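Engineer: These protein sequence lines map, in sequence, to chains A and H.
Count along the first sequence starting at 1, add 5, and that's the number in our numbering.
Count along the second sequence starting at 1, add 5, and that's the number in our numbering.
Glycine is no exception: its CB is placed at the ideal position from the N, C-alpha and C atoms.
These numbers were taken from a predicted model, which means no experiment stands behind them.
There are 2 protein chains.
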Amino acid sequence: MDNKYADVMNLLLEVLKDNKNGNEIPVGISNRHIHLSQADLDALFGVGYQLTKMKDLSQPGQYACKETVTVVGPKGAIEKVRILGPVRKATQVEVIAGDSFKLGVAGDVRMSGDLAGTHGVTLVGPKGSVQTREGLIVAQRHIHMTLADAARLGVKDGDIVDIKVAGPRGGVLSNVAIRANDSSALECHIDTEEANGLGLTSKSTITIVK
Amino acid sequence: MDNKYADVMNLLLEVLKDNKNGNEIPVGISNRHIHLSQADLDALFGVGYQLTKMKDLSQPGQYACKETVTVVGPKGAIEKVRILGPVRKATQVEVIAGDSFKLGVAGDVRMSGDLAGTHGVTLVGPKGSVQTREGLIVAQRHIHMTLADAARLGVKDGDIVDIKVAGPRGGVLSNVAIRANDSSALECHIDTEEANGLGLTSKSTITIVK
Numbered sequence: 006m007d008n009k010y011a012d013v014m015n016l017l018l019e020v021l022k023d024n025k026n027g028n029e030i031p032v033g034i035s036n037r038h039i040h041l042s043q044a045d046l047d048a049l050f051g052v053g054y055q056l057t058k059m060k061d062l063s064q065p066g067q068y069a070c071k072e073t074v075t076v077v078g079p080k081g082a083i084e085k086v087r088i089l090g091p092v093r094k095a096t097q098v099e100v101i102a103g104d105s106f107k108l109g110v111a112g113d114v115r116m117s118g119d120l121a122g123t124h125g126v127t128l129v130g131p132k133g134s135v136q137t138r139e140g141l142i143v144a145q146r147h148i149h150m151t152l153a154d155a156a157r158l159g160v161k162d163g164d165i166v167d168i169k170v171a172g173p174r175g176g177v178l179s180n181v182a183i184r185a186n187d188s189s190a191l192e193c194h195i196d197t198e199e200a201n202g203l204g205l206t207s208k209s210t211i212t213i214v215k
Numbered sequence: 006m007d008n009k010y011a012d013v014m015n016l017l018l019e020v021l022k023d024n025k026n027g028n029e030i031p032v033g034i035s036n037r038h039i040h041l042s043q044a045d046l047d048a049l050f051g052v053g054y055q056l057t058k059m060k061d062l063s064q065p066g067q068y069a070c071k072e073t074v075t076v077v078g079p080k081g082a083i084e085k086v087r088i089l090g091p092v093r094k095a096t097q098v099e100v101i102a103g104d105s106f107k108l109g110v111a112g113d114v115r116m117s118g119d120l121a122g123t124h125g126v127t128l129v130g131p132k133g134s135v136q137t138r139e140g141l142i143v144a145q146r147h148i149h150m151t152l153a154d155a156a157r158l159g160v161k162d163g164d165i166v167d168i169k170v171a172g173p174r175g176g177v178l179s180n181v182a183i184r185a186n187d188s189s190a191l192e193c194h195i196d197t198e199e200a201n202g203l204g205l206t207s208k209s210t211i212t213i214v215k
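#1: For Asn28 of chain A, does the three-state DSSP call read helix, strand or coil?
#2: Quick test of your reading: Val126 of chain H and Val74 of chain H, contact by CB under 8 Å. State the CB separation rounded to the nearest angstrom.
#3: Could you have a look at Glu139 of chain H and say whether DSSP puts it in helix, strand or coil?
#4: So which of H:Gly118, H:Ile148, H:Val110, H:Thr197 has the shortest CA-CA distance to Glu29 of chain H?
#5: Taking C-beta to C-beta, are Gln145 of chain H and Ala95 of chain H nearer than 7 Å?
#6: Per DSSP, what are the beta-bridge partners of Glu198 of chain A in this structure?
#7: In terms of DSSP beta bridges, what is Asp47 of chain A paired with?
#8: Which residues, in order along the region 120-147 of chain H, keep a beta-carbon less than 7 Å from a beta-carbon of chain A?
#9: Between Ser179 of chain H and chain A, is there a C-beta pair that is closer than 7 Å?
#10: Less than 7 Å between the C-beta atoms of Gly78 of chain H and Val110 of chain H, yes or no?
#11: DSSP three-state call for Ala102 of chain A: helix, strand or coil?
#12: Taking the alpha helix (DSSP H) that Leu128 of chain A falls in, what are its first and last residues?
#13: Mind listing which residues of the region 190-215 of chain H have their C-beta closer than 9 Å to chain A's C-betas, in chain order?
#14: At which residues does the beta strand (DSSP E) containing Arg115 of chain A begin and terminate?
#15: Can you give me the start and stop residues for the alpha helix (DSSP H) that Leu152 of chain A sits inside?
#16: For Asp61 of chain A, does the three-state DSSP call read helix, strand or coil?
#17: Cβ atoms of Ser35 of chain H and Ala190 of chain H: under 7 Å apart, would you say?
#18: Measuring alpha carbon to alpha carbon, tell me which residue in A:Ser105, A:Asp47, A:Glu84 is nearest Gly133 of chain A.
#19: Give me, in chain order, the residues of the same chain whose beta-carbon lies closer than 6 Å to that of Ala155 of chain H; leave out the 5 immediate sequence neighbours on both sides.
#20: Kindly give me the distance between the Cβ atoms of Glu198 of chain H and Asn180 of chain A, rounded to whole angstroms, as I take these residues to be in contact under 8 Å.
#21: Given that Asp167 of chain H touches chain A, what residues does it touch there, using C-beta distances under 9 Å?
#22: What in chain H is Cβ-close to Gly103 of chain A, meaning under 7 Å?
#23: Measuring alpha carbon to alpha carbon, tell me which of H:Thr206, H:Thr57, H:His38 ends up nearest Ser117 of chain H.
#24: Between which two residues does the beta strand (DSSP E) harbouring Ala171 of chain H extend?
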C-alpha cells in the first residue's frame with residue numbers, strides 16, 4: 006500500500022475513532038479576566054496592596070481574587086473584570102472576542118505572556134487608573150498537561166494540534182497549543198465564546214487530533 | 006488502488022485544497038432575535054399592531070424592526086431583543102448559548118421552524134406579556150442558497166455538511182444544514198458566539214467540506 010495513503014488513513018482513523026481509550030481531556034472554560042503586575046496593582050488598589058484569594062483554580066498556585074477592575078477602551082467599558090492571582094511580571098488583560106467590539110480595541114489571539122505588539126487599554130481600580138502600553142489579548146486555546154501526560158498522548162510542549170469536539174455543535178478546532186511541564190493539571194482551556202459556539206460545558210471532554 | 010483509500014484521499018483533498026476556485030460562501034452573523042406570530046404581536050404591542058421596518062436583511066423579504074421585546078426566564082431577563090419581520094405562523098425566540106445561562110432555560114440547537122419540544126419563555130412588550138409554550142432555540146448553523154448554487158456546490162436542500170474556517174481560530178464546524186430554494190441569497194448563517202469563537206467576521210467566507 007502506498008505510504009501516503011497509509012498515513013492519511015491513520016490520521017483519519019485517529020479523528021474518527023470512538024474515544025473510549027482514555028485520551029479524553031477535560032475542558033476548562035475561561036471568561037474575561039486580568040493578571041496584574043505589582044506596580045499596576047499598587048496604582049489601582051494602593052501601594053503594597055495584597056490580593057485576596059477567593060477560590061483556587063485548576064492550575065496549581067493560580068487563584069481567582071475577590072478584587073475586580075474596570076477595563077476601558079475608546080468605545081466602551083467592561084466592569085467587574087476578575088483579577089487572577091498571584092501577581093505576574095507583566096499585566097495581561099484576557100478578553101473574549103466580543104469584548105473587543107465593546108471596548109473598541111482589538112485583542113490579538115495570543116498565548117499567555119506573548120504580549121509584544123498587542124494593544125494597551127485603560128484599567129480603573131478603587132485607588133487610581135493605569136494606561137497599559139500592551140497586554141490586551143484573546144487567549145489562544147491551549148492544553149495544560151504534565152510531561153507524563155504529553156508522553157502518553159504523543160505530544161510535546163510547544164506543539165500545535167487540532168482538537169475534536171463531539172456533539173450537535175461539534176467539529177475540529179485548529180491551532181491549539183500544548184503547554185506541558187511538571188506541575189500542570191490536564192485541561193484544555195478555551196474561552197466562553199469558543200465553548201458556547203461549539204456546545205462545550207465544564208463537564209465536556211475533547212480529544213487531540215495530531 | 007483500493008477504492009476506500011481513493012475516497013478518503015478525495016475527501017481530504019477537498020478539505021485541504023486552497024479555496025481559490027469560487028467556492029467561498031459569505032458569512033452572515035446573527036445575534037439574538039425574535040420572530041413573532043400576529044397573535045403574540047397583538048398581545049405585546051396592542052391588537053392589530055404592525056411592525057415598523059428598520060432595515061432589510063440579506064435574505065429577501067426579511068427585515069429588522071424598530072421594535073424590541075424583553076425575554077424573561079426563571080433566572081434573569083434580556084432586554085431589547087430585536088424583532089425580525091414579517092410576522093410568522095409561530096413565535097420563535099433565537100438566543101445565543103450564553104443567553105440560556107442568563108435566562109435559566111436551555112435553548113435547544115434547532116433549525117428555524119423546528120420547535121416541537123423546545124422550551125417556552127416569557128416575552129414582555131409595552132402593552133402586555135406572553136408566556137410561550139415553546140420556541141426558545143439556539144439556531145443550528147446553516148447555509149442559505151439558491152437551487153443553482155446548490156447544483157454548483159454539489160449539495161441539495163436538507164444536506165448536512167461540514168464547513169472549513171481559515172485563520173488563527175480556524176477549524177471545521179460540523180452539522181451545518183443546507184437550505185436551498187429559489188429565493189435565497191448565498192450566505193452561511195452562524196451566531197455571534199460561533200463567529201467570535203472561530204474568528205469570523207461579516208467579511209469572512211467559509212467553504213463546504215462534504
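Structural biologist: In short, the structure shows the following:
#1: coil
#2: Rounded, the Cβ-Cβ distance is 10 Å, inconsistent with contact.
#3: coil
#4: H:Ile148
#5: no
#6: Partner(s): none; Glu198 of chain A has no beta bridge.
#7: Its beta-bridge partners do not exist; DSSP assigns none.
#8: none
#9: yes
#10: yes
#11: helix
#12: Segment 127-130 is the beta strand (DSSP E) holding Leu128 of chain A; no alpha helix (DSSP H) there.
#13: Ile195, Asp196, Thr197, Glu198, Glu199, Ala200, Asn201, Gly202, Leu203, Gly204
#14: 113-115
#15: 152-158
#16: strand
#17: no
#18: A:Asp47
#19: Lys161, Ala185
#20: Not confirmed; about 18 Å, so no contact.
#21: Gly176, Val177
#22: Thr197, Asn201
#23: H:His38
#24: Taken as a continuous stretch (DSSP letters only), Ala171 of chain H belongs to no beta strand (DSSP E), as it is neither H nor E.
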